[in-house]
Structures are given as structure tokens and as C-alpha cells.
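**Q** Numbering follows numbering that gives the first Met the number 0, with no gaps: position 58 of the sequence shown is 57.
Glycine included, each C-beta is placed from N, C-alpha and C at the ideal position.
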Amino acid sequence: MRLTNPKVNSCGVDAPILPPCTPFRIEGVSLSGSHSFSKTSVSSITLIPNHGVKGDAHAGPTVQHRPLRNVRPSDANLRQVHLIHTEILQQVSTDPATGAKDIALKPGQLGENITTQGVDLLSLPKDTKLLFVDSKAPKHDAPTLRLTGLRNPGPQIDAMRKGLKDRFLVKDSRGVVVGYLAGVMSVVEKGGDIRPGMEIVVQTPATNMALNCI
Numbered sequence: 000m001r002l003t004n005p006k007v008n009s010c011g012v013d014a015p016i017l018p019p020c021t022p023f024r025i026e027g028v029s030l031s032g033s034h035s036f037s038k039t040s041v042s043s044i045t046l047i048p049n050h051g052v053k054g055d056a057h058a059g060p061t062v063q064h065r066p067l068r069n070v071r072p073s074d075a076n077l078r079q080v081h082l083i084h085t086e087i088l089q090q091v092s093t094d095p096a097t098g099a100k101d102i103a104l105k106p107g108q109l110g111e112n113i114t115t116q117g118v119d120l121l122s123l124p125k126d127t128k129l130l131f132v133d134s135k136a137p138k139h140d141a142p143t144l145r146l147t148g149l150r151n152p153g154p155q156i157d158a159m160r161k162g163l164k165d166r167f168l169v170k171d172s173r174g175v176v177v178g179y180l181a182g183v184m185s186v187v188e189k190g191g192d193i194r195p196g197m198e199i200v201v202q203t204p205a206t207n208m209a210l211n212c213i
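1) Tell me, which residues are paired with Arg145 by DSSP?
2) Please determine if the stretch 108-116 and the stretch 64-81 are in contact, where contact requires at least 3 C-beta pairs separated by less than 8 Å.
3) Quick one, which of Lys105, Arg150, Asp133 has its alpha-carbon nearest Lys125's?
4) Can you tell me which of Pro66, Ser185, Lys105, Gly196 puts its alpha carbon nearest to the alpha carbon of Pro154?
5) Look at the Cβ atom of Leu146, then the Cβ atom of Ser122, and state whether they are nearer than 7 Å.
6) Comparing C-alpha positions only, which one of Ile199, Thr203, Gly51 sits nearest to Gln116?
7) Helix or strand or just coil, what does DSSP make of Ser92?
8) Quick test of your reading: Val183 and Val176, contact by CB under 8 Å. State the CB separation rounded to the nearest angstrom.
9) Suppose the cutoff is 7 Å on Cβ atoms and the five residues either side in sequence are ignored; what does the same chain contact list for Pro72 look like?
10) For the candidate residues Met159, Arg194, Gln202, Arg24, whose alpha-carbon lies nearest to that of Ser35?
11) When burial is assigned at 16 or more other CB atoms within 10 Å of the CB, is Gly27 buried or exposed?
12) On the DSSP bridge list, what partners appear for Asp192?
13) If we count Cβ pairs, one from each stretch, closer than 8 Å, do we get three or more for the stretch 188-208 versus the stretch 45-61?
14) Counting along the chain, where does the beta strand (DSSP E) carrying Leu30 start and finish?
15) For Asp101, count neighbouring Cβ atoms within 10 angstroms of its own Cβ and tell me buried if that reaches 16, exposed if not.
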């Protein structure tokens with residue numbers, strides 16, 4: 000599906016759930032050497048080109064996600080790095096029926112490698128590049144990810160809290176799933192170390208094609 004031009008405010012790509020001019024930055028970074036659902040929050044991670052996060056179980060040039068690997072093990076790994084924005088974690092922490100907060104989700108708990116703030120990742124087109132900028136280093140050297148698709152929320156989410164998975168699904172009036180809120184997948188285009196607090200620069204492609212589940 001082709002997207003219309005992204006809405007832009009004075010800070011960049013806009014989204015209804017984000018306040019205007021929220022800084023784009025890394026909130027947390029996480030990894031796991033095993034195929035556990037959650038990942039451990041760490042002080043920094045290392046991105047390796049066409050591989051993923053150093054030491055993470057989902058890193059590699061070919062598919063590492065076990066359900067996909069069991070079917071098509073030689074496919075390219077389009078899920079090297081998983082990102083989710085903290086605003087979504089806040090949104091799904093609230094019971095939609097009562098409006099009360101009933102679970103506290105921390106960076107890495109949903110299996111993401113990078114938790115961001117200010118960027119509505121779900122609204123970005125396929126092949127958008129995210130540059131992680133250190134104020135002390137030139138921008139052209141910034142570690143860079145390219146967005147490849149959406150994460151399809153799996154049943155393990157309900158192990159954290161019954162019914163939680165459903166909060167990551169967008170449904171129409173008939174109850175048909177029309178969207179997903181569980182973050183985005185990406186591949187590493189330029190490597191380097193990243194850590195919380197780094198600025199995120201968003202570079203959208205010329206063609207605005209919507210992200211699909213991969």
C-alpha cells in the first residue's frame with residue numbers, strides 16, 4: 000500500500016498519540032543471547048552491518064526468527080533489529096475498558112532491541128533510514144538502520160498478562176485486524192555503538208510504501 004506524504008510538524012514526522020515537538024531519541028537498548036521473549040536492558044549495544052545486534056539471538060544475515068527459520072532457513076534476515084516507541088508501551092499499559100494503568104512495561108520486555116521516544120515508528124514508510132547521532136561524532140558516521148516491516152504480535156505477549164496481545168492489534172468496527180502496534184523491524188546498514196540518549200534522525204525514502212508484517 001502506498002502512503003500519502005507523512006504529516007510533518009516542527010520536529011519531524013507527526014502522529015496523533017505524540018505531543019508536538021517531542022525530541023527524537025533512544026530511550027533504551029536491550030539484547031538477549033537466547034531466543035527468550037524479553038531482552039535484557041544494557042548500557043549500549045553494537046550494530047553490525049547486515050547482521051544485527053552483536054550477541055543477540057536474532058542477529059545474522061539469514062532469518063533467525065524460529066517460526067520463519069523452520070520453513071525458509073535461507074531467506075534474508077529482515078528482522079535483525081526490533082524497535083518500538085515508548086509511547087506505545089504507555090498506551091498498551093492502560094486497560095482499554097477502564098482507562099486504568101494495569102501493567103508497567105519496561106524497555107526490552109517486549110523483545111525489542113531499541114526503545115525510542117518521539118518517533119512514531121509505525122507511521123514511517125518502508126525503507127526509512129534511522130540514524131543514531133552522537134553529538135561528538137559527524138552525522139555521516141552515524142549507525143544506521145533501514146526499516147523493513149512491522150512486527151506481528153505473537154501469543155507470548157499474553158504470557159505477560161492475559162489479553163495484552165489484543166492491545167497491540169488495531170481492529171475495525173467488525174473486529175477485523177487492520178493494524179499492528181508491536182513495533183517495527185529493520186536491518187543494519189551502517190554499524191556502530193548506540194546507547195540511550197542518542198538523537199535519532201529520520202530519513203524517509205522518495206517512495207512512501209507502507210510497512211507490512213514480516
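**A** For this structure:
1) Lys128, Val186
2) yes
3) Arg150
4) Pro66
5) no
6) Ile199
7) coil
8) That pair is no contact at about 17 Å.
9) Thr61, Val62
10) Met159
11) buried
12) Thr45
13) yes
14) 24-30
15) exposed
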